[in-house]
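K.L.:
Submitted below is the structure of interest, expressed as structure tokens.
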Amino acid sequence: MAFIYDEPSRTFSEYLLVPNLTPKDCTPANVDLRTPLVRHREGMSAPLYLNIPFASAIMQAVSNDTLAIALARCGGISFIYASQSIESQAEMVRRVKKFKAGFVVSDANLRPDSTVRDVLEVTQRTGHSTIPITHDGSPNGRLMGILTDRDFRPHKTPLHTPVSALMTPFDQLVYAKEGTTLSEANELIWEHKLNCLPIINDKQELVYLVFRKDYDQHREHPLELVDSHKRLLVGAGINTRDYKERVPALLEAGADILCVDSSDGYTEWQYDTIRYIKETFGENVRVGGGNIVEDRGFRYLADAGADFVKVGVGPGSICITREQKGIGRGQATAVIETAKARNAYLKETGVYVPICADGGILHDYHIVLALAMGADFVMMGRYFARFDESPGRKISVGGRMMKEYWGEGSDRARNWQRYTLGNEEGMSFEEGVDAYVPYAGRLKDNVELSVAKIKATMCNCGARSIRVLQETARLTLVSATSIREGGAHDVVLKESNRVDEP
Ligand code: IMP
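Start counting the sequence shown at 139; every next residue gets the next number (this note's numbering).
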């Protein structure tokens, strides 16, 4: 007969934190959310840290280069999704590594012999009205001129007119050389009343564009997560099939950390993948593993050499794995049990392997619960899919603004490498849905609000760091009736109080 656990597995919403004494110096301004991202010897510092305990999910609807840049600027990390070609994933990683605040790599470029017809196509596709003309039409080709929407009349200028006849040629352009700082670029923009300043290298090749509006919008990002060259940190998902080709391309593009993305990480394929990476590229190439839900899975991946271990089978908002296959575990229990295994591993080996709670975070307080239960950071999909920077389209549904959000196991993403085992190819059934989430605006504004709530809760728990929270927090299970007590109840809400679920 099968082994049957005595206790049911539980979800985050079944727990609450009990306040601890708050010392006077425990205020939100004094709370530090820095957290280790990868394995390290106890007492030593980890080679990689996050400044806030947030990672974005390895999903088509979540982690592209735009979101990765926005999140790293706030102190967290994205893992660029693996369910795309190796080339396009590597290109996304490259764009994050090349990012410099206020300096944009142009994505709307044409050649001198392109025509007005091409211009209209590019402006429609990209939404940009400043088009650098390079010798080969590439973003970093030799700069020949610049064309803007003020250089031609859409319905009057003949469509076959070559761009070279309309553009401002290079010898009449104001430009700056590579190495120019943002404030120097801004001076030139004001002095010459420009909208856009091209930055070129010694070979006259276009490197960046600096726009007037970007400088105006430039704000401080004190928690920005950067490497030793001040480039943003970025992760990338991989699978257990094409890692021998994908990993070198991602490393070459500059990925700082990898993560094997699988719905079931307790497999020999995952073990082989992690071992191969460590043996081929060395211990300094960092790779996380998962997903698992208990001590055996944790131990197996930690022994394989995983730099962090991701926890969660079935809690995801778009996930139907539990319904389809009857596999999984309540996410709170999964995190608690894995954290116990992590602590036992630490005691035995002196090595700390961070764990990540992946999926099922519905409220900001769930993040604090996950941390208190032992997670070092959380991974979220639904949360980030709601923001401007995510790849999904923003659309009006029934009069409300929504963003598209679809699972990696849905028919839309068809990420069979994540869901099938061994040599199987393709998916015979879905494990995820295609959905909408309420649009929530800019990532930065939302992350700052979540961080404020997390810090406030940690102060109630008397914890100025995640480590102290993990060691001293006290959690209580709540009854079904007391969950009702937790929201506004027994009052008639005024319209202005009716806020949407986050
Ligand atoms: P969320 O934050 O609750 O939306 O969960 C996101 C997590 O769900 C991801 O990080 C994945 O671990 C998992 N996930 C992504 N796509 C699917 C799917 O199609 N089925 C099941 N789980 C998924």
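Note that the Cβ used here is the ideal one computed from N, Cα and C, for glycine as well.
For my contact list, residue 188 and residue 176 are in at a C-beta cut-off of 8 angstroms; report their separation, rounded to the angstrom.
P.N.:
The Cβ separation is near 10 angstroms, so there is no contact.
K.L.:
CB residue 414 to CB residue 438, shorter than 8 angstroms?
P.N.:
It is not a contact, given that the beta carbons lie outside the stated cut-off.
K.L.:
Report yes or no: do three or more beta-carbon pairs, one from the region 222-235 and one from the region 365-383, lie closer than 8 angstroms?
P.N.:
The region 222-235 is in contact with the region 365-383.
K.L.:
By how many angstroms is the C-alpha of residue 262 removed from the C-alpha of residue 240?
P.N.:
Computed Cα separation, rounded: 23 angstroms.
K.L.:
Taking 8 angstroms as the threshold (C-beta atoms), are residue 466 and residue 451 in contact?
P.N.:
Result yes, Cβ atoms of residue 451 and residue 466 sit closer than 8 angstroms.
K.L.:
So residue 196 is in the alpha helix (DSSP H); what residue range does that whole segment cover?
P.N.:
Residue 196 -> no alpha helix (DSSP H), and no H or E assigned at all.
K.L.:
Per DSSP, what kind of secondary structure is residue 151 in: helix, strand or coil?
P.N.:
Looking at residue 151 - three-state DSSP - the assignment turns out to be helix.
K.L.:
Jot down the residue ranges of each uninterrupted alpha helix (DSSP H) in the region 562-610, minimum 4 residues, whole runs only, in chain order.
P.N.:
As far as the region 562-610 is concerned, its whole alpha helix (DSSP H) runs of at least 4 residues are 581-598 and 604-610.
K.L.:
If you draw a straight line from the C-alpha of residue 592 to the C-alpha of residue 505, how long is it?
P.N.:
Cα to Cα, residue 592 sits roughly 7 angstroms from residue 505.
K.L.:
Does DSSP put residue 639 in a helix, in a strand, or in coil?
P.N.:
Low confidence applies to residue 639: its pLDDT is 49, below 50, so where it sits in the model is not reliable, and the reading given next is rough at best. Looking at residue 639 - three-state DSSP - the assignment turns out to be coil, as it is neither helix nor strand.
K.L.:
Apply the 10 Å Cβ neighbour rule to residue 518 and answer buried if 16 or more other Cβ atoms are within range, or exposed otherwise.
P.N.:
Buried, because 16 or more other Cβ atoms sit within 10 Å of the Cβ of residue 518.
K.L.:
Using DSSP bridges, identify the partner residues of residue 343.
P.N.:
Per DSSP, 280.
K.L.:
Helix, strand or coil for residue 509? Go by DSSP, reduced to three states.
P.N.:
Helix, per DSSP.
K.L.:
Report all residues from its chain with a CB closer than 8 angstroms to the CB of residue 295; omit the five preceding and five following residues, and keep chain order.
P.N.:
If we look at residue 295 and ignore the five residues flanking it on each side, its Cβ neighbours are 254 and 304.
K.L.:
By DSSP, does residue 534 sit in helix, in strand, or in coil?
P.N.:
Three-state DSSP puts residue 534 in a strand.
K.L.:
Which ranges does the alpha helix (DSSP H) cover as unbroken runs of at least 4 residues, wholly within the region 367-447, from first to last along the chain?
P.N.:
List check, alpha helix (DSSP H) in window: 381-391, 406-419 and 433-442.
K.L.:
Could you pull the start and end residues of the alpha helix (DSSP H) that residue 230 belongs to?
P.N.:
Counting along the chain, the alpha helix (DSSP H) containing residue 230 begins and ends at 224-236.
K.L.:
According to DSSP, is residue 164 helix, strand or coil?
P.N.:
Reduced to three states, the DSSP call for residue 164 is coil.
K.L.:
Can the beta-carbon of residue 199 be found closer than 8 angstroms to that of residue 569?
P.N.:
For residue 199 and residue 569, no; Cβs fall outside 8 angstroms.
K.L.:
Verify the contact flag: residue 457, CB atom, against every heavy atom of the ligand IMP, threshold strictly below 7 angstroms.
P.N.:
Correct: residue 457 has its Cβ closer than 7 angstroms to the ligand IMP.
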